[in-house]
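Each residue of the sequence shown is one higher than the one before, starting from 0 at the first, in numbering that gives the first Met the number 0.
Using N, Cα and C, we set each Cβ at its ideal position, and we do this for glycine too.
Small disclaimer: the values here were computed from a predicted structure and weren't measured.
For reference, the structure discussed in these notes is given below.
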Amino acid sequence: MSQNEPDERLIYLACRQIFYGSYSAVRKRKQVMSLIQRNQPALTDILQEYNIDRTCNVVQRLLKDQVFQSAVRAKIRFPELFDVSPAQSADREASEAEAARDEANAVREISETEIPKDSRPDSQTRLAAEVTKGSDANETTRNSIPSLYPVYIHYRSQHLITTNIQKLVEEACFAYTQEKLPQLLVGKGWDCPEAVELTEWVKLLRQHAGDQVEKPNEVFELLCELRHTAVHRLRKTARGVQRLAENAQRFLEALEDTHRSGMVSHIRRELNMVIEEVRHNKDLLEGSYLAELQEIGAKRAALEIRERDAKQAMVDSDAQCLNEANQRIERVFQHLDSYRYIGDKGGGEMPIEQNTATSDSEEEFLEAVLDANSSG
Numbered sequence: 000m001s002q003n004e005p006d007e008r009l010i011y012l013a014c015r016q017i018f019y020g021s022y023s024a025v026r027k028r029k030q031v032m033s034l035i036q037r038n039q040p041a042l043t044d045i046l047q048e049y050n051i052d053r054t055c056n057v058v059q060r061l062l063k064d065q066v067f068q069s070a071v072r073a074k075i076r077f078p079e080l081f082d083v084s085p086a087q088s089a090d091r092e093a094s095e096a097e098a099a100r101d102e103a104n105a106v107r108e109i110s111e112t113e114i115p116k117d118s119r120p121d122s123q124t125r126l127a128a129e130v131t132k133g134s135d136a137n138e139t140t141r142n143s144i145p146s147l148y149p150v151y152i153h154y155r156s157q158h159l160i161t162t163n164i165q166k167l168v169e170e171a172c173f174a175y176t177q178e179k180l181p182q183l184l185v186g187k188g189w190d191c192p193e194a195v196e197l198t199e200w201v202k203l204l205r206q207h208a209g210d211q212v213e214k215p216n217e218v219f220e221l222l223c224e225l226r227h228t229a230v231h232r233l234r235k236t237a238r239g240v241q242r243l244a245e246n247a248q249r250f251l252e253a254l255e256d257t258h259r260s261g262m263v264s265h266i267r268r269e270l271n272m273v274i275e276e277v278r279h280n281k282d283l284l285e286g287s288y289l290a291e292l293q294e295i296g297a298k299r300a301a302l303e304i305r306e307r308d309a310k311q312a313m314v315d316s317d318a319q320c321l322n323e324a325n326q327r328i329e330r331v332f333q334h335l336d337s338y339r340y341i342g343d344k345g346g347g348e349m350p351i352e353q354n355t356a357t358s359d360s361e362e363e364f365l366e367a368v369l370d371a372n373s374s375g
């Protein structure tokens, strides 16, 4: 058993699936020891290397530092576990771009169905074309390693975010119009935020508040995309959800609605933290998978050598067997030649070679030859 200082990195990798979720908050040694003992089969190698007490000490230290609780903290502690190769980064960007292209196409199809052609901004088509072009430019040859990217959050979480942000934006639009353009509300009979679709607010405020918004075309298009995503249950990547939330906050700040922009800011902050955790976890999982692949590759190479050696041993043994068979046959004819020579000289019986290696089959063959000669 090694008496070296235990490798925190190895113990973290071995125990991260044990001290997960609510178990990452465990601190008492008795509870930590109990969890380790309960999962001994999965920790066989670690426990053989360091024993249970030393392993428990390291786990307690990692728990105290919240390394099991946060992938961000784990990355700070063990940055090498989360390293991403340039090829992986390129592949992830390509997958994100492909997903963004599909999302843009879905939004464009909905917009073309719901919005009259003369009211659709040309920049929306350009945006989709740019996304498609970017995706094609970044398309790389996929390697054999399955990717966990692009990042998605659970759809229920996405729906909660998009519907609640949509509601906040609609409330802000109503409050702004109520203050700045009350006659429009009266004229249209809009007496509450729920009375109006977000796409209608976009048409109205594009005309009456567009000068307050920086990059108005982009902002208003993304507001429509927010609505389409929420209403039509469009699946978005985590990056796409972040983009919609960020755009909504920009719009609310342009309307000077500090209360609702603060609420969206809080949603964004929590969302970004969750996505960061998910990304780090994916990096760790892919890194662990690659390490295991390398180990499997080494074992496969050893097995291939073993297979090659076994095949060669079979061929060599077969050749040896054939060689021995040939030698046996040659000995038979050597005996016959000796007998023929003695017979020609008028000698007596055929001398029998005292060779313990002579097999029963050879003796039977010789007897048959002698019988044949006698009868002749």
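- Can you check whether the CB of residue 283 is closer than 8 Å to the CB of residue 81? Yes, they are a contact pair.
- Message: Just to confirm before moving on: does the CB-CB distance between residue 5 and residue 54 stay below 8 Å?
- Response: In terms of Cβ geometry, residue 5 and residue 54 form a close pair [threshold 8 Å].
- Is residue 188 helix, strand or coil when you go by DSSP? Looking at residue 188 - three-state DSSP - the assignment turns out to be coil, as it is neither helix nor strand.
- Task: Indicate whether residue 274 and residue 152 have their beta-carbon atoms separated by less than 8 Å.
- Result: The answer is yes: Cβ separation under 8 Å.
- Check whether residue 235 and residue 157 have beta carbons under 8 Å apart: Closer than 8 Å, so yes.
- Reduced DSSP category for residue 235 - H, G, I as helix; E, B as strand; rest coil: Coil, per DSSP.
- Query: What is the DSSP secondary structure of residue 65, counted as helix, strand or coil?
  - Reply: The answer is coil: DSSP assigns residue 65 none of H, G, I, E or B.
- Query: Quick one: what does DSSP say residue 145 is sitting in, helix, strand or coil?
  - Reply: If DSSP states are grouped into helix, strand and coil, residue 145 belongs with coil.
- Could you tell me the boundaries of the alpha helix (DSSP H) in which residue 21 lies? Residue 21 -> no alpha helix (DSSP H), and no H or E assigned at all.
- Query: Rounded to whole angstroms, how far is the Cβ of residue 167 from the Cβ of residue 201, which I believe are closer than 8 Å?
  - Reply: That belief does not hold up - the Cβ atoms of residue 167 and residue 201 are roughly 15 Å apart, past 8 Å.
- Within 10 angstroms of the Cβ of residue 304, are there 16 or more other Cβ atoms? Answer buried if so, exposed if not. Counting C-beta atoms within 10 angstroms of its own C-beta, residue 304 has fewer than 16 neighbours from the protein chains shown and is therefore classed as exposed.
- Message: Within 10 Å of its beta-carbon, does residue 227 have 16 or more other beta-carbons around it, so buried, or fewer, so exposed?
- Response: Around the CB of residue 227, 16 or more other CB atoms lie within 10 Å, so the residue is classed as buried.
- Message: With a threshold of 6 Å on Cβ separation, who are the neighbours of residue 106 within its own chain once the five nearest residues in sequence on each side are excluded?
- Response: Same-chain partners within the cutoff: 224, 227.
- Item | Anticipated Cβ contact below 8 Å, residue 15 with residue 67, distance rounded | Contact holds; Cβ gap of about 6 Å.
- Give the secondary structure of residue 152 by DSSP, where H, G and I count as helix, E and B as strand, and everything else as coil. Note: residue 152 maps to coil in three-state DSSP.
- Query: Pairing CB atoms from the segment 166-184 with CB atoms from the segment 255-270, are three or more of them under 8 Å?
  - Reply: Contact holds: three or more Cβ-Cβ distances are below 8 Å.
- Compute the beta-carbon to beta-carbon distance between residue 71 and residue 10, rounded to the nearest angstrom, for a pair I have assumed lies under 8 Å. Wrong, their Cβ atoms sit about 19 Å apart, outside the cutoff.
- Message: Using the three-state DSSP reduction, which class does residue 180 fall into: helix, strand or coil?
- Response: Here residue 180 sits in coil by DSSP.
- Task: Count the other C-beta atoms from every protein chain shown that fall within 10 angstroms of the C-beta of residue 240, then say buried if there are 16 or more, exposed otherwise.
- Result: So residue 240 ends up on the buried side.
- Task: Counting only the same chain and skipping the five closest in sequence on each side, list residues whose C-beta sits under 6 Å from that of residue 189.
- Result: A distance below 6 Å between beta-carbons, with the five flanking residues on each side excluded, links residue 189 to the following residues of its chain, in chain order: 195.
- Query: Is it true that the segment 242-261 meets the segment 19-39, where meeting means three or more beta-carbon pairs spaced less than 8 Å apart?
  - Reply: With the cut-off at 8 Å, the segment 242-261 and the segment 19-39 do not touch.
- Query: Helix, strand or coil: how does DSSP classify residue 254 here?
  - Reply: Annotated three-state conformation of residue 254 is coil, per DSSP.
- Helix or strand or just coil, what does DSSP make of residue 208? Residue state, collapsed to three classes: coil.
- May I ask which residues mark the beginning and end of the alpha helix (DSSP H) holding residue 195? For residue 195, no alpha helix (DSSP H) run applies, since DSSP gives it neither H nor E.
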